[in-house]
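Encoded as structure tokens, the structure appears first; notes follow it.
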Amino acid sequence: MQQINIVISGFTPYEGIDVNPAVLVPAAVAKQWADPAQSQAISEELLQDIAVTVTNVTLPVSFAKAWPTLLEAIEQA
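Using numbering that gives the first Met the number 0, you'd call the opening residue of the sequence shown number 0 and step up by one each time.
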């Protein structure tokens, strides 16, 4: 069986904002793939004989800080 690791990222809120919507979608996607009941139909139809792992990472809105965080998540995936 082939293994595919996906890293999907969102961002922390900007100053003065409680929630950055960019963090909600990646979290929802990772949650859906983590639940076999939710991802079973998708994986059976499109990804036969392929195991998919989705990792969600929240990045700071600073590029200097975001890149090391993303790189670490990719290396661990």
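Cβ coordinates follow ideal geometry from the N, Cα and C atoms, glycine included.
If you draw a straight line from the Cα of residue 68 to the Cα of residue 6, it is about 12 angstroms long. Looking at the backbone, the Cα of residue 65 and that of residue 57 are separated by about 9 angstroms.
Counting the other Cβ atoms within 10 Å of the Cβ of residue 12 gives fewer than 16, which makes it exposed. For residue 75, same chain residues with a beta-carbon under 8 angstroms away, outside a window of 5 residues either side, are 54 in chain order. The three-state reading of DSSP puts residue 47 in coil, since its state is none of H, G, I, E or B.
Nearest neighbour of residue 3 by Cα position, chosen from 48, 59 and 30, turns out to be 48. Taking the CA atoms as reference points, residue 73 sits about 29 angstroms from residue 15. Cβ contact annotation for residue 0 (same chain, cutoff 6 angstroms, sequence separation greater than five): 48 and 50, in chain order.
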